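A.B. asks: Chains as they are written, first to last, in our numbering: chain R, 149 to 656; chain F, 415 to 752.
My structure is below; once you've seen it, I'll send some questions.
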């Protein structure tokens, strides 16, 4: 695997909401001249393969095409790639491409560009996060301008899912060779439905529609992303009429906008989970303590307190409806049972078990307060947690070096719609993201990474998720929500993963 | 006098160098103490311990800290401030791109603060001894208690939403292009000769300038007010009255030029605080300057960017302190004969 920035790899989860382009169904009469969206962060780079960060994916997807696309329920559908077939041994993926896709400079997109994006870029040493998923590509055979075979150094059953994931956009080989990586970072040229018209870093992005786009033409002629990091300022931009849509508002503002006469707002559940990680050693080596900690957390109360009741509680390290989610299974909030389990190990409220817990402060809204609430819930049953604050960057480092506290509050995203990026990455001890590391869990999860049969693999994850909860190996809390405010008039249909894009805006 | 002034300025600027060097050492050491491993952060998640160690060796992180600092300093003098882990481009490039915006914002805020502060101080002095003076003092206390970022949010609410008089984000209206000649948008806008562009640039910078400047101006009001009161107790003011000069002539012709001296020193020494205030104000108004960049760098532990921006803030503070000393020298004859 080529070198990449590890912190960016960790952001891949954000793709859950943002990698998949949200297709809100905003209905207008006729074509729309301009839609302005208040967005949280600048893309940082216009090289679409460079970063796995979730936030820019929706913007990148307007300029670049992905080989495969996803429906709201994360089902893979054709895009530039019209057909794909994974070999039975998972060691190759045969793809067929459209023959009518053009980059905005008029040149045709071919299998050569596909091969360049998913293999040659790594070989020549480009520092791109795309290598995280496709570093296993050993070769891409170009059979014709519209046909190619990806070959992998080891079975890659989720190759198709990764083709629809963050940073997975086809770039022009000729353009890349002409302008180099620095040119690609500043002057994007893609095959997507829009072209970059104006870019002021950390301020504004203006995109104009391509009338020669191969796919369905969006109704919006011009898309403007106003980069506004502060949520209050985003709300102000919406209320002052500067923008039509504002992303990621506070839940309090969502409730207020919902009651207002001029605006609408939604809290959209996305493929991101908030959970407490558990170490398999130390205090939590005792299964009773692990399960006691899990039973003591009132998730419904957390959702009500921090998300206005809009966040769905979860009992498994996945989101409702995602493949791999055990059916007809749940985990109860039961503080009495917690006390019982602790008593069996010799602990009580008078003689509490002590452990360490870490939390971020500002990684997501309410993280620190949520951690404090959990500590309080634990205290009531006989678990005394010493809470410390760490940054997101520190979480990765401490986890990789095995120095993370006994428990930590964290967030994880998954835009692939496949359980590998949830349970697989969170529990494979050969990957640096695993916190709960035991030979038993590794023995269960590793084979799933190379299982080419989809049904068998998903079944494996269902069983693994059930096992993990039974063992108290993780405490899933809630499914995260994405909040969107928008001016009245249009209707907005929530998308399963919180990107935002132009295609769901259609003429009335 | 000019020669003496230049000598003063040169001496002050020369004195900045060792102070700046000490600050670079302190900032460098502080960032190294942070529990963030730059080597590990720049490698793929699947990196082995051996790979991390090799990277640490390559980055010189295993060397004694003083050698690491020497390596950084040698590169910094040549203009190489390292590479941004977040942007994957030279730190110097990213920082220099944003520096003009912050300088422009800070200077405009300073001018605003001085104009409002001086006018307010004079006004407060002219109503001394009345209820209006008490009211004015109370008002300055209230404004002083409000931090600049809170003022920014209040301005957004009042002037951006309730009375939408000003835009709340960015530097220009969409669709407007300004060729960059000086790097400073206001100046470049003026050079276009296009009134709509100039108006757009001014309206976008208005709220951030007011938020930043207003947080600073009450201090100027109070210092000038107090200084005028002290100045008016001097005998030459009594003599000026006996000579038949009007109140206006006494205030503006005699007293103000002496009373303004503490304000000049104040502006020079406090400018660093105003410049530092750009951090949050830029973020709130999505003003694409150094403050915005610094907030992102802190969130992502982008150490080379944090270091570069911290040093710029330090350099600006030191420079303004020196300029304040020079201005004091110019304005106060006693300093020239000392």
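Beta carbons: idealized from backbone N, C-alpha and C, even for Gly.
Quick caveat, the model's predicted, so the values are computed rather than measured.
(1) Whose Cβ in chain R lies nearer than 7 Å to the Cβ of residue 504 of chain F?
(2) Curious, which full-length beta strand (DSSP E) runs of at least 3 residues does the stretch 461-533 of chain R contain?
(3) Determine the closest residue to residue 527 of chain F out of F/557, F/720 and F/507, with distance taken between C-alpha atoms.
(4) Tell me, which residues are paired with residue 601 of chain R by DSSP?
(5) Taking only the alpha-carbon atoms, compute the straight-line gap between residue 310 of chain R and residue 685 of chain F and give it to the nearest angstrom.
(6) Counting contacts by CB-CB distance shorter than 8 Å, is residue 570 of chain F in contact with chain R?
(7) Buried or exposed, going by whether 16 or more other CB atoms sit within 10 Å of the CB of residue 502 of chain R?
(8) Report all residues from its chain with a CB closer than 6 Å to the CB of residue 539 of chain F; omit the five preceding and five following residues, and keep chain order.
(9) Below 7 Å CB to CB, which residues in the same chain sit around residue 427 of chain R once its five sequence neighbours on both sides are set aside?
(10) Could you work out which residues of chain R lie near residue 726 of chain F, taking near to mean beta carbons separated by less than 9 Å?
(11) Residue 702 of chain F versus chain R: which residues are under 7 Å apart at the beta carbon?
(12) To the nearest angstrom, how far is it from the Cα of residue 694 of chain F to the Cα of residue 700 of chain F?
(13) Could you name the residues of the same chain whose beta carbon sits closer than 7 Å to that of residue 460 of chain R, not counting the 5 residues immediately before and after it, in chain order?
(14) Who are the Cβ neighbours of residue 432 of chain F in its own chain at under 8 Å, not counting the five residues just before and after it?
(15) Listing by chain order, which chain R residues have their CB less than 9 Å from the CB of residue 532 of chain F?
(16) With 8 Å set as the bound, which would you pick, yes or no: does the beta-carbon of residue 380 of chain R sit closer than that to a beta-carbon of chain F?
(17) What do you get for residue 267 of chain R, buried or exposed, if any count of 16 or more other CB atoms within 10 angstroms of its CB means buried?
(18) DSSP three-state label for residue 218 of chain R, please.
(19) Taking only the alpha-carbon atoms, compute the straight-line gap between residue 175 of chain R and residue 348 of chain R and give it to the nearest angstrom.
(20) State the beta-bridge partners of residue 225 of chain R as determined by DSSP.
(21) According to a CB-to-CB cut-off of less than 9 Å, which residues of the stretch 536-565 of chain R neighbour chain F?
(22) Return the first residue and the last residue of the beta strand (DSSP E) that residue 292 of chain R is part of.
(23) Measuring alpha carbon to alpha carbon, tell me which residue in R/488, R/616 and R/380 is nearest residue 572 of chain R.
(24) Between residue 246 of chain R and residue 564 of chain F, what straight-line distance do the alpha-carbon atoms span, to the nearest angstrom?
(25) List the residues of chain R that residue 585 of chain F touches, going by C-beta distances under 8 Å, in chain order.
(26) Mapping the DSSP letters down to three states, classify residue 543 of chain F as helix, strand or coil.
(27) Could you pull out every residue in the same chain whose Cβ sits closer than 7 Å to the Cβ of residue 334 of chain R, ignoring the five residues on either side in sequence?
(28) Check each residue of the stretch 514-532 of chain R: if its Cβ is closer than 9 Å to any Cβ of chain F, include it; give the result in chain order.
(29) So is residue 493 of chain F in contact with chain R if we call contact Cβ pairs under 8 Å?
(30) Report the option in R/624, R/514 and R/596 whose CA atom is closest to the CA atom of residue 397 of chain R.
(31) Short of 7 Å in beta carbon distance, which residues of its chain neighbour residue 284 of chain R, apart from the five on each side in sequence? Order them along the chain.
(32) Buried or exposed: where does residue 595 of chain F fall if 16 or more other Cβ atoms within 10 Å of its Cβ makes it buried?
(33) Can you tell which of R/549, R/598, R/227 and R/507 has its C-alpha closest to the C-alpha of residue 535 of chain R?
(34) Please name the residue in R/600, R/307, R/263 and R/540 whose C-alpha comes closest to that of residue 292 of chain R.
(35) Is residue 362 of chain R closer than 8 Å to residue 250 of chain R when the C-beta atoms are compared?
(36) Strictly by DSSP, which residues pair up with residue 545 of chain R?
C.D. replies: Let's see:
(1) What residue 504 of chain F touches in chain R, judged by beta-carbon distance under 7 Å, is nothing: the nearest beta carbon there is about 10 Å away.
(2) 501-507
(3) F/557
(4) Answer by DSSP bridge pairing: none, since residue 601 of chain R is not bridged.
(5) 51 Å
(6) yes
(7) exposed
(8) Non-local C-beta neighbours of residue 539 of chain F in its own chain, meaning closer than 6 Å and more than five positions away in sequence, comprise 639 and 642, ordered along the chain.
(9) 552, 554, 583 and 584.
(10) Contact of residue 726 of chain F with chain R by beta-carbon distance below 9 Å is absent, the smallest such distance being about 17 Å.
(11) Residues of chain R whose Cβ lies closer than 7 Å to the Cβ of residue 702 of chain F are, in chain order, 348, 349, 350 and 351.
(12) 10 Å
(13) 417, 468, 626 and 627
(14) In its own chain, leaving out the 5 sequence neighbours on each side, no residue places its CB closer than 8 Å to the CB of residue 432 of chain F.
(15) Chain R residues near residue 532 of chain F: none, gap ~31 Å exceeds 9 Å.
(16) yes
(17) Flag for residue 267 of chain R reads buried.
(18) strand
(19) The predicted model places residue 175 of chain R with a pLDDT of 48, which falls under 50 and marks its position as unreliable, so this point remains unresolved.
(20) In the DSSP secondary-structure assignment, residue 225 of chain R is bridged to R/217.
(21) Going along the stretch 536-565 of chain R in chain order, one finds 538, 539, 540, 541, 542, 544, 545, 546, 548 and 549 with a Cβ nearer than 9 Å to chain F.
(22) 285-292
(23) R/616
(24) 54 Å
(25) 348 and 351
(26) coil
(27) 194
(28) So nothing in the stretch comes that close.
(29) no
(30) R/514
(31) 300, 301, 302 and 304
(32) exposed
(33) R/507
(34) Per the Cα distances, R/263.
(35) yes
(36) None; residue 545 of chain R has no bridge partner.
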